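As numbered in our numbering, residues -17 to 152 make up the sequence shown, in order. The C-beta atom is built at its ideal place from N, Cα and C for all residues, glycine as well. Remember, it's a predicted structure, so these values are computed and weren't measured experimentally.
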Amino acid sequence: MPKKEKYRLEPLLKVKERARRTAEIALAKAIKLLKQEQEKLELLKGKKTEIEEKKENTKRDLRSKVSEGGLKIRQSEFHFNFIRKLDEDIESVSREIKDQEDVVAEADKKLKRAKRDYIDAATELDVMKKHKELWTKKLTKKLSDKENKEMGELGNVLFQITKGREGAAG
């Protein structure tokens, strides 16, 4: 019995499978990273909104106390300093938001690159699988054709033998 042929590109196929798996993991990590960075950005935006609301409430409180006339200079200084500090906090958080937006943009670029790498790896693997499938079909056809040829030859030999017996008997 002839030795069964082995797909000669099997090691390359395994490398492509590993590359696809690695790209898939990298894609999952990139998605997770982007989501985390977006959540941080949303938290910072929420923090900025809270500070802005606190500033507006402090201003409203200051206005109401001034209109009532029950505010001493020391108290108004305290309110102005507090409002100034809130303005500084808003600027600080705004810078953090800008930095975080840059981080999110970078994470988005990494995600796009990871998607592209995954698509490429998956495509290469599909090409290799298709090649192996076609190779298998070709091998099967080759073996089938060889078997048919041998069966045809065997049939001719049997026909010759039976024809020779009929000729000798008749």
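Hey, could you find the ends of the alpha helix (DSSP H) residue i is sitting in?
| i | result |
| --- | --- |
| Lys36 | -8 to 50 |
If I'm right that residue i touches residue j with Cβ under 8 Å, what's the distance once you round it to whole angstroms?
| i | j | result |
| --- | --- | --- |
| Ile72 | Ile33 | 5 Å |
| Thr40 | Phe64 | 6 Å |
| Lys30 | Val75 | 4 Å |
| Leu9 | Lys114 | Going by Cβ atoms, the distance from Leu9 to Lys114 rounds to 25 Å, so no, they are not a contact pair. |
Less than 7 Å between the beta carbons of residue i and residue j, yes or no?
| i | j | result |
| --- | --- | --- |
| Glu132 | Lys(-2) | no |
| Glu19 | Ala89 | yes |
| Leu140 | Glu(-13) | no |
| Ala5 | Asp99 | yes |
| Leu68 | Lys37 | yes |
Grab me the residues of residue i's own chain with a C-beta within less than 6 Å of its C-beta, minus the 5 sequence neighbours each way, in chain order.
| i | result |
| --- | --- |
| Lys92 | Ala12 |
| Glu78 | Leu26 |
| Leu44 | His61 |
| Ala103 | Ala1, Arg2, Ala5 |
| Gln82 | Lys22, Leu23, Leu26 |
Closer than 7 Å by C-beta to residue i: which residues in its own chain qualify, once you throw out the five before and the five after it? Chain order, please.
| i | result |
| --- | --- |
| Gln57 | none |
Leaving out the 5 sequence neighbours to the left and right, which residues in its chain are closer than 8 Å to residue i when beta-carbon positions are compared?
| i | result |
| --- | --- |
| Leu16 | Val86, Ala89, Asp90, Lys92, Leu93 |
| Met110 | Leu(-9), Leu(-6), Leu(-5), Lys(-2) |
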